[in-house]
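Asks:
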Amino acid sequence: MKYKVRQMTIRDYDAVISLWREIPGIGLDDDSDSRLGITRYLKRNPGLSFVAQIQDMIVGTVLSGHDGRRGYLHHLAVVASHRKLGIGKTLTSRCLRALGKQGIPKCNIFLLRSNSRGRSFWKHNGWNLRQDLSVLQKKTKDL
Ligand SMILES: CC(C)(COP(=O)(O)OP(=O)(O)OC[C@H]1O[C@@H](n2cnc3c(N)ncnc32)[C@H](O)[C@@H]1OP(=O)(O)O)[C@@H](O)C(=O)NCCC(=O)NCCS
Numbered sequence: 376m377k378y379k380v381r382q383m384t385i386r387d388y389d390a391v392i393s394l395w396r397e398i399p400g401i402g403l404d405d406d407s408d409s410r411l412g413i414t415r416y417l418k419r420n421p422g423l424s425f426v427a428q429i430q431d432m433i434v435g436t437v438l439s440g441h442d443g444r445r446g447y448l449h450h451l452a453v454v455a456s457h458r459k460l461g462i463g464k465t466l467t468s469r470c471l472r473a474l475g476k477q478g479i480p481k482c483n484i485f486l487l488r489s490n491s492r493g494r495s496f497w498k499h500n501g502w503n504l505r506q507d508l509s510v511l512q513k514k515t516k517d518l
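For what it's worth, my numbering labels the leading residue of the sequence shown as 376, then goes sequentially.
Take a look at the structure:
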């Protein structure tokens, strides 16, 4: 099936958020994934997030960005009806290529521990599970 991949813009927000909401394994955050949060993310990381589209329908999406040192990839998702067609891999490669062009040597992913299918996808595609690291987090308002 023929699909095209293009940069994501905030005009894609409604389609993308409903796609993410339908898919178990995508952990959504009320603030960061709100329209305002995604607007801020895309402005801060221009040209690094993508959608896959067939005619008018968005069938896959991914966010990526970097902090000047490491790249981060978030919320890779492909609608169930269009999986195993190479869309997830293509979206990921677009992010890695774009991050590499900006001089970023490595990219990280946050993966829900419960998402065993997602883990198997990343491992199959050559991503290294770092057993030696944990993610720690605090809200900025909790000084
Ligand atoms: C993970 C996901 C994005 C994969 O998308 P996809 O478009 O089906 O993947 P692709 O067709 O590009 O697959 C690329 C390769 O990975 C393999 N693959 C796909 N899903 C896989 C899985 N769950 N486990 C192992 N390998 C997998 C494919 O067979 C293909 O292998 P090949 O290149 O050797 O032929 C999709 O299943 C999804 O949206 N899952 C729910 C959301 C999620 O878990 N996202 C990741 C967490 S952030």
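Built from N, CA and C at the ideal position, the CB exists for glycine as well.
Since L423 and C482 are thought to touch, with beta carbons under 8 angstroms apart, how far apart are those beta carbons, to the nearest angstrom?
Replies: In the sequence shown, residue 423 corresponds to position 48, counting from 1. In the sequence shown, residue 482 corresponds to position 107, counting from 1. About 10 angstroms; that fails the 8 angstroms criterion.
Asks: For Y416, which three-state DSSP category applies?
Replies: On the sequence shown, residue 416 is found 41 positions in, with the first residue counted as 1. Looking at Y416 - three-state DSSP - the assignment turns out to be helix.
Asks: Enumerated in chain order, which unbroken segments of the alpha helix (DSSP H) with a length of 4 residues or greater are wholly contained in the stretch 385–433?
Replies: Counting only runs of 4 or more, we get 388–397, 410–419.
Asks: Which term fits D389, buried or exposed, when burial requires 16 or more other beta carbons within 10 angstroms of its beta carbon?
Replies: Here the question's residue 389 lines up with position 14 in the sequence shown. Burial call: exposed.
Asks: For L471, is the beta carbon positioned less than 7 angstroms from some heavy atom of ligand 1?
Replies: Your numbering for residue 471 matches position 96 in the sequence shown. No; taking the cut-off as 7 angstroms, the Cβ of L471 has no heavy atom of ligand 1 nearer than that.
Asks: Is it the case that the CB of G463 approaches a heavy atom of ligand 1 more closely than 7 angstroms?
Replies: The count along the sequence shown starts at 1 and reaches residue 463 at position 88. True, at least one ligand heavy atom lies under 7 angstroms from that Cβ.
Asks: DSSP state of T515, grouped into three classes?
Replies: Taking the sequence shown and counting its residues from 1, one reaches residue 515 at position 140. Coil, per DSSP.
Asks: How is the alpha helix (DSSP H) around G475 delimited, first residue to last?
Replies: As a working note, residue 475 is residue 100 in the sequence shown. Unbroken alpha helix (DSSP H) run through G475: 462–476.
Asks: Classify S439 as helix, strand or coil using the three-state DSSP reduction.
Replies: Indexing the sequence shown from 1 puts residue 439 at position 64. Three-state DSSP puts S439 in a strand.
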